[in-house]
Amino acid sequence: MFAKYKTCCFCNSKNLKKDNNQKLKLNFYIEAIMSHFNLNKKKISKMKVYTCKNCNLKQNNPWFDKEHAIRIYSNAYGQHNKGWSNLINYKNKGTFPDHGKLFDLLMKNLKIKKYAEFNSPFMGLLLNFFDKEIKNKKTRKLFIDQNIKYLSSRQLAGFSLKEKKKSNIFSKKLFKNLLKLKNKNFSKKKIEKYLFSDNYDMCWGINDNYKSVNSKSLATELFDLKIKSLHSNLKGINLDLFGIFHTLDHTFVPKKILDNALNLSKNVIVYCHVNPELNKQHLFTFTKDFLKYLEKNKIFTIDLTNKINKQYNSPELYFLCSKKKIKKFNYY
Ligand SMILES: [Zn+2]
0 MFAKYKTCCF CNSKNLKKDN NQKLKLNFYI EAIMSHFNLN KKKISKMKVY TCKNCNLKQN
60 NPWFDKEHAI RIYSNAYGQH NKGWSNLINY KNKGTFPDHG KLFDLLMKNL KIKKYAEFNS
120 PFMGLLLNFF DKEIKNKKTR KLFIDQNIKY LSSRQLAGFS LKEKKKSNIF SKKLFKNLLK
180 LKNKNFSKKK IEKYLFSDNY DMCWGINDNY KSVNSKSLAT ELFDLKIKSL HSNLKGINLD
240 LFGIFHTLDH TFVPKKILDN ALNLSKNVIV YCHVNPELNK QHLFTFTKDF LKYLEKNKIF
300 TIDLTNKINK QYNSPELYFL CSKKKIKKFN YY
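Residue numbers for the sequence shown follow numbering that gives the first Met the number 0, beginning at 0 and rising by one.
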């Protein structure tokens with residue numbers, strides 16, 4: 000079930016050096032994975048941490064092969080708890096995912112009319128944009144709850160013909176009410192929103208469900224998203240901002256994802272872990288020095304980590320990047 004990862008997952012360099020510190024730290028995620036695949040500590044300890052001397056990424060080698068990596072994020076740990084908590088907290092309390100004052104800073108410094116995110120739709124700024132479009136904030140909870148109800152009301156497997164007919168009438172009624180709610184309480188002026196998705200990678204997706212509703216399906220209904228694959232033909236899409244929130248380290252092709260985002264959008268905002276003690280549930284992690292590698296490769300970057308007034312519980316990095324020079328940022 001393990002595979003060798005001898006070249007860097009980002010830049011493909013073969014120049015990887017084994018780290019001195021190889022202490023194994025267990026956590027909630029890795030324990031769930033160990034129990035799902037019936038692995039003991041000794042087997043997990045075979046994974047060693049290496050640092051890429053070219054782009055400064057840290058990665059485990061060996062690590063799970065692709066088939067098992069996909070199963071980690073679909074079966075062993077299919078629900079992205081953090082993402083759903085973000086949605087539920089917003090629904091019940093009106094709070095947003097914690098990115099400090101990132102959203103305000105970006106809104107003040109950039110003109111955003113077309114915005115996209117990659118995978119996991121409740122991790123980034125889509126809830127902030129959504130909130131701006133609701134005229135009557137009190138309808139927020141009702142709208143989200145009714146959308147969940149509507150999507151699950153279309154699940155009819157195992158029903159009798161009579162039950163199916165009854166359920167169909169209920170779904171139609173729910174949908175009509177949702178339309179009314181939307182027309183009455185939502186601003187007609189909306190920014191164009193996209194979700195780029197990758198269902199068969201080491202990221203939550205095919206089984207990221209809450210009350211039997213999938214995160215991407217719900218997000219599409221709530222946010223009026225256009226769903227695209229980064230592997231398809233993307234001609235004609237010109238974005239102002241592309242957000243990658245904790246998902247660049249959850250793909251086997253991070254360079255392709257970042258390159259595509261930079262090609263599609265004037266600016267790209269990336270939020271990622273930079274914990275030098277790479278945990279075993281991750282194949283790789285970026286480091287703060289990754290920005291030096293990007294600059295060397297003519298990608299302009301601004302490190303926003305310490306500019307957004309956020310309290311960090313573990314080492315994390317926020318950076319804005321672009322193929323064109325980013326005009327001076329105002330921090331207000
Ligand atoms: Zn590298």
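Backbone N, C-alpha and C fix where the C-beta goes; we use that ideal spot for every residue, glycine too. Computed from a predicted structure; not experimentally measured.
- Task: Look at the alpha carbon of residue 329 and the alpha carbon of residue 104, and state the distance between them as a whole number of angstroms.
- Result: Taking C-alpha positions only, residue 329 is separated from residue 104 by approximately 8 angstroms.
- Backbone CA spacing between residue 258 and residue 95 [nearest angstrom]: Looking at the two C-alpha atoms, the distance is approximately 28 angstroms.
- Environment of ligand 1 in chain order, Cβ to heavy atom below 6 angstroms: 7, 9, 10, 12, 51, 53, 54 and 56
- Task: Indicate the three-state DSSP secondary structure (helix, strand or coil) for residue 257 in the structure shown.
- Result: helix
- Item | Other residues of its chain near residue 306: CB distance less than 6 angstroms, five sequence neighbours each side excluded | The beta carbon of residue 306 sits closer than 6 angstroms to the beta carbons of 330 from its chain, once the five residues preceding and following it are set aside; these are given in chain order.
- Kindly indicate the opening and closing residues of the beta strand (DSSP E) around residue 300. 299–302
- Item | Proximity to residue 140 [Cα-Cα], best of 321, 230, 221 and 319 | 221
- Message: What would DSSP say about residue 208, mapped onto helix, strand or coil?
- Response: Looking at residue 208 - three-state DSSP - the assignment turns out to be strand.
- 8 angstroms Cβ cutoff met for residue 197 and residue 228: yes
- Pair within 8 angstroms by beta-carbon distance, residue 332 and residue 299: A question about residue 332 goes unanswered here, because the residues of the chain that appear run from 0 up to 331.
- Are the Cβ atoms of residue 246 and residue 56 separated by less than 8 angstroms? no
- Task: Take every Cβ of the segment 202–209, pair it with every Cβ of the segment 179–187, and state whether three or more of those distances are shorter than 8 angstroms.
- Result: They do not touch, by the three-pair rule.
- Message: Rounded to the nearest angstrom, what separates residue 131 and residue 142 at their Cα positions?
- Response: 15 angstroms
- Task: Can you say whether residue 215 is buried or exposed, counting buried as having 16 or more other CB atoms within 10 angstroms of its CB?
- Result: buried
- Complete runs of the alpha helix (DSSP H) confined to the segment 55–79 [at least 4 residues]: The qualifying runs are 65–70.
- Task: Return the chain-ordered ranges of every alpha helix (DSSP H) run that is complete within the segment 127–188 and spans a minimum of 4 residues.
- Result: Taking 4 residues as the minimum length, the alpha helix (DSSP H) runs contained wholly in the segment 127–188 are 139–152 and 160–184, in order along the chain.
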